[in-house]
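Here the sequence shown stands for residues 1 to 448, where the numbers follow our numbering. The beta carbon of each residue, even a glycine, is placed where N, CA and C say it ideally should be. Predicted model, so just to flag it, every value in this text is computed and none were measured. Contents: one structure, followed by commentary.
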Amino acid sequence: MGVNAIIQAVYEQVLQRNPGETEFHQAVKEVLDSLGPVIEKHPEYVDAKILDRIVEPERQIMFRVPWQDDKGNVQVNRGFRFEFNSALGPYKGGLRFHPTVYAGILKFLGFEQVFKNSLTTLPMGGGKGGCDFDPKGKSDNEVMRFCQSFMTELCRHIGPDTDVPAGDIGVGGREIGFMFGQYKRIRNEFTGILTGKGLNWGGSLIRPEATGYGCVYYAEEMLKTRGESFDGKVCTVSGSGNVAQYTIEKLNQLGAKCVSLSDSNGTVHDPNGIDAEKLAFVMELKNVKRGRIKEYADKFKVDYMEGKRPWGIKCHCAFPSATQNEVDADDAKTLLANGCYVVSEGANMPSTPEAAEQFIAQKILYGPAKAANAGGVATSGLEMSQNSQRLSWTREQVDEQLQNIMISVHKQCFDAAEEYGQSGNLVMGANIAGFVKVADAMLDQGLV
Ligand code: NDP
Numbered sequence: 001m002g003v004n005a006i007i008q009a010v011y012e013q014v015l016q017r018n019p020g021e022t023e024f025h026q027a028v029k030e031v032l033d034s035l036g037p038v039i040e041k042h043p044e045y046v047d048a049k050i051l052d053r054i055v056e057p058e059r060q061i062m063f064r065v066p067w068q069d070d071k072g073n074v075q076v077n078r079g080f081r082f083e084f085n086s087a088l089g090p091y092k093g094g095l096r097f098h099p100t101v102y103a104g105i106l107k108f109l110g111f112e113q114v115f116k117n118s119l120t121t122l123p124m125g126g127g128k129g130g131c132d133f134d135p136k137g138k139s140d141n142e143v144m145r146f147c148q149s150f151m152t153e154l155c156r157h158i159g160p161d162t163d164v165p166a167g168d169i170g171v172g173g174r175e176i177g178f179m180f181g182q183y184k185r186i187r188n189e190f191t192g193i194l195t196g197k198g199l200n201w202g203g204s205l206i207r208p209e210a211t212g213y214g215c216v217y218y219a220e221e222m223l224k225t226r227g228e229s230f231d232g233k234v235c236t237v238s239g240s241g242n243v244a245q246y247t248i249e250k251l252n253q254l255g256a257k258c259v260s261l262s263d264s265n266g267t268v269h270d271p272n273g274i275d276a277e278k279l280a281f282v283m284e285l286k287n288v289k290r291g292r293i294k295e296y297a298d299k300f301k302v303d304y305m306e307g308k309r310p311w312g313i314k315c316h317c318a319f320p321s322a323t324q325n326e327v328d329a330d331d332a333k334t335l336l337a338n339g340c341y342v343v344s345e346g347a348n349m350p351s352t353p354e355a356a357e358q359f360i361a362q363k364i365l366y367g368p369a370k371a372a373n374a375g376g377v378a379t380s381g382l383e384m385s386q387n388s389q390r391l392s393w394t395r396e397q398v399d400e401q402l403q404n405i406m407i408s409v410h411k412q413c414f415d416a417a418e419e420y421g422q423s424g425n426l427v428m429g430a431n432i433a434g435f436v437k438v439a440d441a442m443l444d445q446g447l448v
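Below you can see the structure in the form of structure tokens.
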């Protein structure tokens, strides 16, 4: 069978085994489409059925999460953990709490995580989990009761050498705290079973900042290949959560001007730039008051575009930092027509395949999520190392390691694209470089 037929057969098997899980199909297709030249060069991967194995999670866990709301009513949600691949280390990847969560979203995220974690150069396998619970509008007590119920089941599947979850959409410091407390209570163990912990109980400095900072460091490496820096660049950012906030903080430090923020209701456009003071307002609004981004527009008297995304705003660089498929073909066309030539993905799979195709064809500096947002999980890896050593590193130590990791992630993607004759195509570079390490480890470990 030829290489294309082999890849097509694997993809068809994925469609058949995972009906209706469109996000998972999309993520698998993007990776498989990059791997033709690698499979051609390495028939041993075909003989060992590495492709067939890598698209099938090692373990899938699905469970009931019953909890009681403040009115005394019983609520029932559905929890998941996909332990996708442990060839390089314990499963590692976030937990997402959002009403749209179902198997297809978590499988796409878990699959992406395998390659992302490989690119970090740290010993971590890939996994992802979460629940269709919506934290929006819930009291702190309701969130606590939910988290306790969720962890009561999850705790039997995770552990510091088995599976170490982290945060993602809807899971920040508050939720990690409640889940950590419940794990400790049930197991009577104070161990690093989650990352993103509070600083005085095992967390790492720079972990909250890491995904946003890392995404900017990655974009900085892309700019360096053209002899440019962020000085004076106008940037658009979507989302207003963890990743968006620290993307803006780092861009400000590097001399760029960020002019947008959004949430699922709409976008604010601040042409004067979201400076440190305005960013402090956003952090209080989103992380403490848990309000809507429209309040920014009311406070600073700037435009609010209800139901719109930021991609119609003119910019040099775009940082999608909200959710999957938030940049479609029309958005990409508009961005390119307005002169945008850097896209660095903080969110996971934010560009549709049609949007990504345009970025690649136009040869802009396009950093795909599994490379550009790897700084979050990399710093989670550094948190695990500190937990194992029972030490805490300084802010400077962690930030320097994060920077070095992002430089290395970019170099691996860049070099792999060169090696396979696709110079500058970092999508292909990320998929190949991430894949080869995992595939080789799977070969070494036999048929497991
Ligand atoms: P947060 O929950 O902190 O923030 C998410 C932001 O995105 C909010 O502003 C939210 O708005 C917006 N958003 C979520 N869903 C949608 C939607 N369907 N349409 C429009 N806006 C939406 O999450 P994070 O910042 O942690 O995560 C953002 C992205 O970054 C995700 O794709 C995540 O997988 C990815 N990521 C996160 C990492 C991390 O370390 N946290 C690591 C690597 C990737 P609203 O409040 O209205 O829901």
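{"query": "If V302 sits next to D270, beta carbons under 8 Å apart, how far is it from one beta carbon to the other, in whole angstroms?", "result": "4 Å"}
{"query": "Do G212 and K250 have their CB atoms nearer than 8 Å?", "result": "yes"}
{"query": "With a threshold of 7 Å, establish whether the CB of S118 neighbours any heavy atom of the ligand NDP.", "result": "no"}
{"query": "With L426 and A417 assumed to form a contact (beta carbons below 8 Å), what rounded beta-carbon distance in angstroms separates them?", "result": "6 Å"}
{"query": "Output yes or no for whether 8 Å exceeds the beta carbon distance between Y183 and G367.", "result": "no"}
{"query": "Cα-Cα, which of T352, Q401, E175 is closest to I206?", "result": "Q401"}
{"query": "Could you check whether K92 and G125 sit closer than 8 Å to each other, using their CB atoms as the reference points?", "result": "yes"}
{"query": "Using CA atoms only, rank isn't needed, just tell me which of Q26, G177, V377, G339 is closest to G214.", "result": "V377"}
{"query": "Candidates F82, P165, G339, P208: which alpha carbon is nearest T247's?", "result": "P208"}
{"query": "Skipping 5 residues on each side, what residues in its chain have a beta carbon closer than 7 Å to that of A103?", "result": "E21, F80"}
{"query": "Determine the direct distance from the alpha carbon of Y296 to that of Q16, and round the result to whole angstroms.", "result": "46 Å"}
{"query": "Run through the stretch 234 to 307 for me and flag every whole alpha helix (DSSP H) of 4 or more residues, listed as ranges in chain order.", "result": "242 to 253, 276 to 283, 294 to 300"}
{"query": "Would the beta-carbon of L35 fall within 8 Å of that of F435?", "result": "yes"}
{"query": "For I169, is the beta carbon positioned less than 7 Å from some heavy atom of the ligand NDP?", "result": "yes"}
{"query": "What are the complete alpha helix (DSSP H) segments, minimum 4 residues, inside the stretch 62 to 120?", "result": "103 to 119"}
{"query": "Would a C-beta distance cut-off of 8 Å place L194 and F178 closer than the cut-off?", "result": "no"}
{"query": "Taking A433 and L119 to be in contact with their CB atoms under 8 Å, please state how far apart those CB atoms are, rounded to whole angstroms.", "result": "6 Å"}
{"query": "Is P350 near A369, with beta carbons less than 8 Å apart?", "result": "yes"}
{"query": "Can you tell me whether E221 is buried or exposed, with buried defined as 16 or more other CB within 10 angstroms of its CB?", "result": "buried"}
{"query": "Tell me the rounded alpha-carbon separation between M384 and I54.", "result": "25 Å"}
{"query": "With V171 and G94 assumed to form a contact (beta carbons below 8 Å), what rounded beta-carbon distance in angstroms separates them?", "result": "7 Å"}
{"query": "For the alpha helix (DSSP H) containing L426, list its first residue and its last residue.", "result": "426 to 444"}
{"query": "Helix, strand or coil for S229? Go by DSSP, reduced to three states.", "result": "coil"}
{"query": "Measure the alpha-carbon distance for A441 versus V28 and round it to whole angstroms.", "result": "20 Å"}
{"query": "Please name the residue in S262, E44, M144, I39 whose C-alpha comes closest to that of G446.", "result": "E44"}
{"query": "S351 by DSSP, collapsed to three states: which one?", "result": "strand"}
{"query": "If we call anything under 8 Å between Cβ atoms a contact, is A244 one with V237?", "result": "yes"}
{"query": "Please name the residue, chosen from V38, E23, A276, that lies closest to G2 on a Cα-to-Cα basis.", "result": "V38"}
{"query": "CB of T236 to nearest heavy atom of the ligand NDP: below 7 Å?", "result": "no"}
{"query": "List the endpoints of the continuous alpha helix (DSSP H) containing P37.", "result": "36 to 41"}
{"query": "In chain order, which continuous runs of the beta strand (DSSP E) of length 3 or greater are located wholly inside the stretch 120 to 157?", "result": "126 to 131"}
{"query": "With H, G and I counted as helix, E and B as strand and the rest as coil, what does DSSP make of L447?", "result": "coil"}
{"query": "Please check the pair I176 and C155, which I expect to be a contact at CB under 8 Å, by giving their CB distance rounded to whole angstroms.", "result": "Their Cβ separation, rounded to whole angstroms, is 14 Å, which puts I176 and C155 out of contact at 8 Å."}
{"query": "Report the residue from E83, N85, E277, N77 whose alpha carbon sits nearest the alpha carbon of T100.", "result": "N77"}
{"query": "Once the 5 residues before and after T121 are set aside, which same chain residues still bring their CB inside 7 Å of it?", "result": "I405, S408"}
{"query": "Within its chain, find whatever has a CB closer than 7 Å to the CB of Q362; leave out the 5 residues flanking it on each side and keep chain order.", "result": "L336"}
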